[in-house]
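Novice:
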Amino acid sequence: MLNDDFACLFDCAGDQLIEIPFTTSTADKTFIGYPYPMKGGPDGLLDVWDCEFEALYREGESGARFMILSIQTWATGRPAPLRTLQQFIERLKQYNDVRFARCSEIAAWCDDAAKN
Amino acid sequence: MWTEIKPQQQAKWPDGVRLPIIISVHHQSEEAAYVFEDGQVDPFDYGERQYGGRRGAWRLLEIMTKHDVRGTWIVCGATLEKYPAISRAAKAAGHSFAGHTYEHEMMCNYPAKEELRLIRKTVSVFEDLLGEHLRGWRTCFASHNTIDILLEHFDFEWDASMWNDDLPYVIEGHGRRLLEIPFSSYSDAAIAVLITKPFPPSPFCTWSTNTPRFIWNTLKAQFDALYARGATKPVLMPLTVHDFIVGRPSRCKILDDFIAYAKQHEGVVFTTHDEAGAWWWKNYAREPTTPSAVLETS
Chain D
106 MLNDDFACLF DCAGDQLIEI PFTTSTADKT FIGYPYPMKG GPDGLLDVWD CEFEALYREG
166 ESGARFMILS IQTWATGRPA PLRTLQQFIE RLKQYNDVRF ARCSEIAAWC DDAAKN
Chain X
45 MWTEIKPQQQ AKWPDGVRLP IIISVHHQSE EAAYVFEDGQ VDPFDYGERQ YGGRRGAWRL
105 LEIMTKHDVR GTWIVCGATL EKYPAISRAA KAAGHSFAGH TYEHEMMCNY PAKEELRLIR
165 KTVSVFEDLL GEHLRGWRTC FASHNTIDIL LEHFDFEWDA SMWNDDLPYV IEGHGRRLLE
225 IPFSSYSDAA IAVLITKPFP PSPFCTWSTN TPRFIWNTLK AQFDALYARG ATKPVLMPLT
285 VHDFIVGRPS RCKILDDFIA YAKQHEGVVF TTHDEAGAWW WKNYAREPTT PSAVLETS
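Protein chains in written order, with this note's numbering: chain D, 106 to 221; chain X, 45 to 342.
Written as structure tokens, this is what we have:
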């Protein structure tokens, strides 16, 4: 789903499903996919990711937040955007309260939160 | 039929107001979601837009609250029915309201009778759910009948549907007057994303999307030009943000930064259509000063 910032728990037909939404607003293919030209030039992706991170990091002071980043092998896998991703990850690693997580870990946290 | 009334004196804002900025929050969420030829709603586009009601509108309200600024919430009737809590929170925070049709119908495609019905329906939703008697209206793509319908059948004090000027102007018809407060295409719908036909514009994105820096550059260019001009002439900056577009974190940061930047300038006032409209009516001082006064004397 594209309709939220945070995971939610669906009750469906006697079973449950955790939905972890994503967004195209920060996806690499939105900015560097065909048709060209890429939006914002070579620095465009970093601009998008930096702004998204800064907004969510600030909001994270008062509530649970996660940032989801959709990247394609054929898009960010190219040398220039790959360097952008490296720079972005290096910057985030300087924060001791930012964690890189798998969707399964996010789902586990949500499952715990729903039970407690 | 209606005619435009010229001000009786050199139009200006109150002393100390050099550049009023009116933030219009378009709270329409999924109302305008793309519908395929077979009548099914596109689930991808629906989800992108539904973000507006679920999250985006709350984030916009939070940022405006953080900066202690008020604006006008332009809300569809159906959106108010689905997400009443956000409009009630915006009302409690002192924002103004305008109707934005019921399900974001493009009025230019509707006959006058249906347009009238949809405006009435929207007005009644505001009264029922928000206790709000609407003073303003912004239609979705005005028809040739819109202004006549507003004048003849409603008591709106202002309309903000037109794109044809930089400053407000008064129109008269059907025995009363209405203030038109135009807006411009310098809004998020034009600078942050481009929602086009064919849809989607490519297999790789929902909409054609610009970077936050592009949005910032565009807003700043418009602001700087208006602020400079405002030293000698009346100016107005309409700033339209949609819940599902600028409500996203990366774009909301630009709104956050822009408000902070603008507030550093002396004479910049973030205001509402209600307040700016009341200021502008004073330029017609030799004439009755409010629409209701016109009604009483006409």
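Glycine residues also receive a C-beta, built at the ideal position from the N, C-alpha and C atoms.
Predicted model, so just to flag it, every value in this text is computed and none were measured.
Kindly indicate if chain X contains any beta-carbon less than 8 Å away from that of Val203 (chain D).
Specialist: Contact with chain X is absent for Val203 (chain D), since none of that chain's Cβ atoms lies less than 8 Å from the residue's Cβ.
Novice: Give the residues of chain D in contact with Lys297 (chain X), contact being defined as C-beta atoms less than 7 Å apart.
Specialist: Cys156, Glu159, Ala160
Novice: For the region 264-278 of chain X against the region 73-80 of chain X, do three or more pairs of beta-carbon atoms, one drawn from each stretch, fall closer than 8 Å, so that the two count as touching?
Specialist: No, the region 264-278 of chain X does not touch the region 73-80 of chain X.
Novice: How many Å lie between Lys326 (chain X) and Glu149 (chain X) at the Cα?
Specialist: 34 Å
Novice: Answer yes if the region 281-296 of chain X comes into contact with the region 171-181 of chain X, meaning at least three C-beta pairs across the two stretches below 8 Å, and no otherwise.
Specialist: Output reads no: the region 281-296 of chain X does not touch the region 171-181 of chain X.
Novice: Give me the Cα-Cα distance between Glu210 (chain D) and Ile194 (chain D), rounded to the nearest whole angstrom.
Specialist: 19 Å
Novice: Please tell me whether, using a cut-off of 7 Å, the distance from the CB of Ala219 (chain D) to the nearest non-hydrogen atom of the ligand NAP is below it.
Specialist: The ligand NAP is not part of this structure, which contains no ligands at all.
Novice: Assuming His144 (chain X) contacts Arg114 (chain X) (C-beta within less than 8 Å), just tell me the rounded distance between them.
Specialist: Not confirmed; about 18 Å, so no contact.
Novice: Assign Val214 (chain X) to one of three DSSP states: helix, strand, or coil.
Specialist: The DSSP-derived three-state label of Val214 (chain X) is strand.
Novice: Going by DSSP, what residue range makes up the alpha helix (DSSP H) through Asp257 (chain X)?
Specialist: Note on identity: in this sequence residue 257 (chain X) is Arg, with Asp being the wrong assignment. Unbroken alpha helix (DSSP H) run through Arg257 (chain X): 256-273.
Novice: Locate the beta strand (DSSP E) running through Met108 (chain X), then write down its first and last residues.
Specialist: For Met108 (chain X), no beta strand (DSSP E) run applies; the uninterrupted alpha helix (DSSP H) run containing it begins and ends at 101-110, by DSSP.
Novice: Specify the secondary structure class of Ile118 (chain X) as computed by DSSP and reduced to three states.
Specialist: strand
Novice: May I have the straight-line CA-CA distance separating Ala55 (chain X) from Val61 (chain X), to the nearest angstrom?
Specialist: 13 Å
Novice: Output yes if chain X places a C-beta closer than 8 Å to the C-beta of Tyr221 (chain D); else output no.
Specialist: The question names Tyr, but residue 221 (chain D) in the sequence shown is Asn. Taking Cβ atoms only, chain X never reaches closer than 8 Å to Asn221 (chain D), which makes this a no.
Novice: Can you list, in chain order, the stretches of the alpha helix (DSSP H) that have 4 or more residues and sit fully within the region 143-186 of chain X?
Specialist: 156-174
Novice: Between which two residues does the beta strand (DSSP E) carrying Arg221 (chain X) extend?
Specialist: 220-224
Novice: Would you mind stating whether Ile193 (chain X) and Glu159 (chain X) have Cβ atoms separated by less than 8 Å?
Specialist: yes
Novice: Express the C-alpha separation of Leu222 (chain X) and Ala337 (chain X) in angstroms, rounding to a whole number.
Specialist: For Ala337 (chain X), the predicted model reports a pLDDT of 44, less than 50, meaning its position is unreliable; a value from the coordinates is still stated below. Cα to Cα, the separation comes out at about 12 Å.
Novice: Closest to His286 (chain X) by C-alpha separation, out of X:His177, X:Leu211, X:Trp46, X:Glu75, would be which residue?
Specialist: X:Glu75
Novice: For Leu63 (chain X), list the residues DSSP reports as bridge partners.
Specialist: When DSSP reads this structure, Leu63 (chain X) sits in a beta bridge with X:Val312.
Novice: Taking only three categories from DSSP, how would you classify Ile176 (chain D)?
Specialist: coil
Novice: Thinking just about the alpha-carbon of each residue, which of X:Thr262, X:Ser229, X:Lys165 is nearest to the one in Gly145 (chain D)?
Specialist: For the set X:Thr262, X:Ser229, X:Lys165, the Cα lying nearest the Cα of Gly145 (chain D) is the one of X:Thr262.
Novice: Along the chain, which unbroken stretches of the beta strand (DSSP E) at least 3 residues long are found entirely within the region 117-159 of chain D?
Specialist: 120-124
Novice: Using only alpha-carbon positions, find the residue among X:Pro256, X:His188, X:Arg98, X:Ile67 that is nearest to Glu159 (chain D).
Specialist: X:Pro256
Novice: Spell out the partners DSSP gives Thr284 (chain X) in its beta bridges.
Specialist: In DSSP, Thr284 (chain X) forms a bridge with X:Ser68.
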